[in-house]
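Q: One structure follows; several queries about it will come next.
In UniProt numbering, the protein residues as written are 1 to 499.
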C-alpha cells in the first residue's frame with residue numbers, strides 16, 4: 001500500500017499556499033500565490049473572495065504536480081485560514097455580494113463602541129470569550145447586511161450564506177454541498193457560545209445576524225465532504241479544518257495545558273493551551289477554542305497583535321529599504337546601542353491587552369542623530385515588546401503556565417531570523433523555542449486532517465510529527481530589559497485613546 005499523503009491548504013492574509021506532507025510531517029512539495037489587498041478607506045481592508053478560491057485551486061493542483069505523486073495517493077485535505085475575515089455570497093449563484101472584509105478591518109469600530117456604551121461587553125465576553133472589537137466577524141457580517149443594498153432582505157429570505165474563509169473555500173471546493181466551519185473558526189465570530197459549543201441566539205439577535213446565514217459547526221477533524229472531481233482530478237476528502245493560529249498551536253505540538261506558541265506573520269498571535277478549563281481573562285485576553293476533537297473541546301487564552309511583520313513591510317515601502325524583512329534586519333543590526341527610539345505600530349489600532357481601535361502609530365525618542373537604522377531596529381523591538389505585553393497579561397491570568405522551564409515556541413516569517421528570535425528572548429525574559437520547520441500552520445491543518453482520515457489515532461500521535469526546536473535563552477541584563485519595557489509602556493500610553 002502506498003504511503004498516505006496529506007494536502008494542506010493554508011489560506012492566509014497575504015498569500016494562499018498548499019503544502020503536501022507525508023505521514024511523518026515532512027513537506028514534499030508546495031505552491032503559493034500572493035493575495036491582493038484592497039484599502040478603500042482609512043482602516044478598511046478587503047479581499048476578493050473569488051480570487052482567493054481560484055488561487056486555492058491553483059496551488060492545490062500545483063503542489064500535487066510538483067510532488068510527482070499521483071493524486072490517488074492524497075488521503076485527505078486539511079484547511080487552515082485567516083480566521084475573522086468574512087464573506088457573504090448568493091446560495092444559488094455562488095457570487096459574493098461584496099468583497100470579503102478582512103480581520104484587520106476597523107469599519108465597525110463605532111458599532112462596537114455603541115454596544116460597549118450600552119453595557120454589552122460583559123455579556124459578549126461571558127458568552128463568546130471575546131471582547132467588543134471590530135476585529136471579529138459578527139459586526140462585519142452585520143455591516144454587509146446593512147450596507148449592501150437588499151442584503152438583509154435576501155438573508156432573511158434564505159438566499160444568502162455567510163462564512164469565514166474556510167467555509168467559503170470548502171463550499172466552493174465541494175460544489176456547494178457543504179456549508180460548514182470548525183469550532184476554532186466559529187469561536188472567533190462573536191456569535192458562538194463557548195460553553196454550549198453552538199451558535200448563540202442571544203449574540204445573533206444583539207448583532208442583527210440571522211442564524212440561517214451561518215454554517216454547521218464541526219470538530220477540527222471531521223468529514224467536510226469531498227472536492228469536486230474535476231478540480232483536482234479525483235474527489236479528495238476534506239477531513240481537517242482549523243483557524244490559522246489554532247492550526248499552528250497543533251503544528252507546534254501544544255496539545256497540553258501550559259504549552260504556548262506565537263506565530264509572527266502580518267500580525268502576531270500568542271496562544272497558551274488551558275486544557276479543558278475554560279479560563280476567563282481578567283487582563284483583556286481572549287478565551288477561545290484551542291481544538292475540538294471527538295466532541296471534546298480544549299481551550300486557550302489568546303493575545304493578538306495586529307501589526308508584527310507588517311511593521312517591517314512599512315519600513316520597506318515607506319522608507320525604500322530593499323530586500324524585504326532581511327533588508328530591514330541588516331539595517332537594524334547597524335543601529336546605535338541604547339538609541340531610545342520606540343515605534344508603536346498601531347496602524348490599525350492596538351490589539352491585546354489594550355484593545356484600542358482608534359489608536360494610531362507613532363515614533364518616539366528621536367534625536368538629531370536618529371537614522372533609518374534606529375527606526376528599523378525599533379520596528380523589530382516593537383514586535384518583541386508587544387509580545388511581552390501579552391506574556392505579562394497571561395502571567396496574570398494563567399500563572400501556572402509560567403514555571404521555570406516555560407518556553408515560547410515561535411514560528412512564522414519573522415522566526416526565520418535568529419537575530420530577532422534572540423531579541424525576542426532578551427526583551428521578554430522567556431526562553432524561545434524556534435521551530436526547525438516554520439510552516440507549522442500548514443502542518444497543523446495536515447495533522448488535523450490526518451486524525452480525521454485515520455492516519456493518526458489521536459492528537460498525541462499526530463503531534464509527534466511536529467518539528468524539533470532550537471531553544472534560545474535570554475541574554476540581556478534585567479536592567480536593560482526593564483528600561484526598554486518602561487519606554488515602551490510610556491509610548492503606548494501616549495497613543496491610546498481609551499486610557
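We treat Cβ as the ideally placed atom computed from N, Cα and C, and that holds for glycine.
What you are looking at is a predicted structure, and each value in this text was computed from that prediction instead of being measured.
Would you decide whether residue 353 is buried or exposed? Buried here means 16 or more other CB atoms lie within 10 Å of its CB.
A: buried
Q: Compare the Cα-Cα distances from residue 338 to each of 228, 357, 367 and report the closest residue.
A: 367
Q: Do you know whose CA, among 149, 218, 422, lies nearest residue 170's CA?
A: Of 149, 218, 422, the smallest CA-CA separation from residue 170 is found for 218.
Q: What are the residues that DSSP puts in a beta bridge with residue 11?
A: 16, 81
Q: Quick one, are the C-beta atoms of residue 110 and residue 173 less than 9 Å apart?
A: no
Q: Scan the region 219 to 296 and note each continuous alpha helix (DSSP H) run of 4 residues or more that stays entirely inside, going in chain order.
A: 229 to 232, 244 to 251
Q: So, at 6 Å on beta carbons, what are the nonlocal neighbours of residue 152 in its own chain, with the 5 sequence-adjacent residues on each side left out?
A: 145
Q: Tell me, which residues are paired with residue 96 by DSSP?
A: 89
Q: Counting only runs of 4+ residues fully inside the region 156 to 221, write out the alpha helix (DSSP H) ranges in chain order.
A: 165 to 173, 183 to 186, 201 to 207
Q: Report buried or exposed for residue 140, applying the criterion of at least 16 other Cβ atoms within 10 angstroms of its Cβ.
A: That one is buried.
Q: Which residues mark the beginning and the end of the beta strand (DSSP E) in which residue 423 is found?
A: First-last for residue 423: 418 to 428, but that is the alpha helix (DSSP H), not the beta strand (DSSP E).
Q: Let me check you understand the geometry: is the CB of residue 35 closer than 8 Å to at least one non-hydrogen atom of the ligand PLP?
A: Because no ligand of any kind appears in the structure shown, any question about the ligand PLP cannot be addressed here.
Q: Are the Cβ atoms of residue 143 and residue 101 separated by less than 9 Å?
A: Residue 143 places its beta carbon less than 9 Å from that of residue 101.
Q: Mapping the DSSP letters down to three states, classify residue 479 as helix, strand or coil.
A: helix
Q: Which residue from 288, 106, 16 puts its Cα closest to that of residue 535?
A: For the chain, the structure presents residues 1 to 499; residue 535 sits outside this window and is missing.
Q: Exposed or buried, which one is residue 497 when buried takes at least 16 other CB atoms within 10 Å?
A: exposed
Q: By alpha-carbon positions, which one of 156, 75, 130 ends up nearest to residue 289?
A: 130
Q: Let me know the secondary structure DSSP gives residue 307 once reduced to three states.
A: Shown here, residue 307 sits in coil according to DSSP, grouped into three states, outside any helix or strand.
Q: May I ask you to list the residues that DSSP assigns as paired with residue 21?
A: 6, 27
Q: Where residue 252 and residue 449 are concerned, what is the direct C-alpha to C-alpha distance, given to the nearest angstrom?
A: 16 Å
Q: Tell me whether residue 448 sits in a helix, a strand or coil according to DSSP, three-state version.
A: helix
Q: For residue 488, collect the residues of the same chain with a Cβ closer than 7 Å to its Cβ; drop the 5 residues on either side in sequence, then sort them by chain order.
A: 342, 385
Q: Just to confirm, is the Cβ distance from residue 452 to residue 240 under 9 Å?
A: Their beta carbons are under 9 Å apart, which means residue 452 touches residue 240 by this criterion.
Q: Pick helix, strand or coil for residue 492, following the three-state DSSP scheme.
A: helix
Q: Nearest-angstrom Cα distance between residue 90 and residue 304?
A: 32 Å
Q: Within a Cβ cutoff of 8 Å, which residues of the same chain sit near residue 62, ignoring the five residues on either side of it in sequence?
A: 18, 31
Q: Could you give the first and the last residue of the continuous alpha helix (DSSP H) run that contains residue 61?
A: 49 to 67
Q: Which residues does DSSP pair with residue 299 in a beta bridge?
A: According to DSSP, residue 299 shares a beta bridge with 275, 289.
Q: Specify, as a first and last residue, the run of the alpha helix (DSSP H) that residue 328 falls within.
A: 324 to 332
Q: Let's test the definition: count the other Cβ atoms within 10 Å of the Cβ of residue 477 and tell me whether it reaches 16, buried, or not, exposed.
A: exposed
Q: Taking all protein chains shown into account, decide if residue 182 is buried (16 or more other Cβ within 10 angstroms of its Cβ) or exposed.
A: buried
Q: If you drop the 5 nearest sequence neighbours on each side, which residues of the same chain put their C-beta closer than 6 Å to that of residue 308?
A: 264, 267, 268, 383
Q: First and last residue of the alpha helix (DSSP H) that includes residue 111?
A: 109 to 117
Q: What does DSSP give as the partner residue(s) for residue 411 in the beta ladder?
A: 263
Q: Note the first and the last residue of the continuous beta strand (DSSP E) segment covering residue 434.
A: 431 to 435
Q: If the criterion is Cβ atoms closer than 9 Å, does the pair residue 190 and residue 137 meet it?
A: yes
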